[in-house]
Amino acid sequence: MAALGVGRSTIREVISQFQALGVVESRKGSGNYLLKPISRRTIHMPLSLDTGNLRDALLQTLQVRRGLECEAGMVAAQMRTTEDLGIIETRLEEMERVHHAKGASGPEDLAFHLAVYDATHNPLFRQLLEQMRETFERFWSHPFERFDFARRSFPFHRTLFNAIAAQDAEAARCETLKILQIVEEDIKEMSA
């Protein structure tokens, strides 16, 4: 603090602002941790969306996700390595196991999609889509208090994997669209 010429209250305020931006996490008794890399060359792009009307906010988010996720699926199909494919398959198998056991697989679904984003080898896909999902993290844990939200999309995760495995970018786009169409239908139906 002395080296920077600032007091404790200034440091606390900066940490508070970084927490609000999702850049820093404070862990009681442990300290403060960076969640995202920061340097002079880093550009931070926080997202904000008025959730006063949750249905509209979800549909607006889905419009953006549709473009990003379709492109991510296509790029993953083109750029994936054998190692990437193994990770995606492992995540898919875990998702299928949990889905068959519990009827829902939210965290496992997220892990599957994050593995697809990582297979693009473009960190912006994961960062943007993860940030959009984090915005609605509380919602996605129990969408509309329903455990069957987007359940009909489950089989299309296997066909998305198959398209990525075959390096068929157009098929990956089509399978992603099928998943997101079901999400859109469920948002509209369950929020009515």
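Read in order, the letters of the sequence shown are residues 1343 to 1534 in my numbering.
Virtual Cβ for every residue (Gly too), placed ideally from N, Cα, C.
Based on the DSSP secondary-structure assignment, which residues constitute the bridge partners of residue i?
{"i": "Val1366", "result": "Leu1376"}
Measure how close the beta-carbons of residue i and residue j come, nearest whole angstrom, since I'm counting them as under 8 Å.
{"i": "Leu1410", "j": "Phe1503", "result": "About 19 Å; that fails the 8 Å criterion."}
{"i": "Ala1550", "j": "Ile1506", "result": "Within the shown structure, residues of the chain are numbered from 1343 to 1534, placing residue 1550 beyond reach of any answer."}
{"i": "Val1458", "j": "Ala1414", "result": "6 Å"}
{"i": "Ala1461", "j": "Arg1422", "result": "4 Å"}
{"i": "His1416", "j": "Arg1515", "result": "Per the sequence shown, the amino acid found at residue 1416 is Met instead of His. Indeed, because the Cβ distance is near 5 Å, the residues count as touching under 8 Å."}
What is the DSSP secondary structure of residue i, reduced to helix, strand or coil?
{"i": "Leu1401", "result": "helix"}
{"i": "Ile1353", "result": "helix"}
{"i": "Ser1358", "result": "helix"}
{"i": "Phe1491", "result": "coil"}
{"i": "Leu1391", "result": "coil"}
{"i": "Gln1509", "result": "coil"}
{"i": "Ala1514", "result": "helix"}
{"i": "Ile1529", "result": "helix"}
{"i": "Thr1501", "result": "helix"}
{"i": "Ile1385", "result": "coil"}
Compare the Cα-Cα distances from residue i to each of the options and report the closest residue.
{"i": "Ala1513", "options": "Gln1420, Arg1383, Leu1391 and Glu1367", "result": "Gln1420"}
{"i": "Arg1354", "options": "Thr1462, Ala1492 and Asn1374", "result": "Asn1374"}
{"i": "Val1365", "options": "Val1525, Glu1431 and Gln1469", "result": "Gln1469"}
{"i": "Asp1528", "options": "Met1437, Ser1495 and Thr1423", "result": "Ser1495"}
{"i": "Phe1568", "options": "Ala1461, Asn1464, Pro1379 and Gln1523", "result": "Absent from the structure is residue 1568, since the part of the chain shown begins at 1343 and ends at 1534."}
{"i": "Thr1424", "options": "Asp1451, Leu1456, Gln1509 and Leu1519", "result": "Gln1509"}
{"i": "Glu1526", "options": "Arg1500, Ala1511, Thr1501 and Arg1493", "result": "Arg1493"}
{"i": "Thr1403", "options": "Cys1516, Lys1520 and Met1474", "result": "Met1474"}
{"i": "Glu1431", "options": "Leu1519, Asp1451 and Arg1408", "result": "Asp1451"}
{"i": "Gln1359", "options": "Leu1376, Ser1372, Leu1346 and Thr1462", "result": "Leu1376"}
{"i": "Met1532", "options": "Leu1396, Ala1344 and Lys1520", "result": "Leu1396"}
{"i": "Lys1378", "options": "Leu1391, Leu1466, Leu1400 and Pro1497", "result": "Leu1466"}
Fill in: Runs of alpha helix (DSSP H) lying entirely within the stretch 1412 to 1480, each at least 4 residues, in chain order
1424 to 1444, 1448 to 1460 and 1465 to 1477
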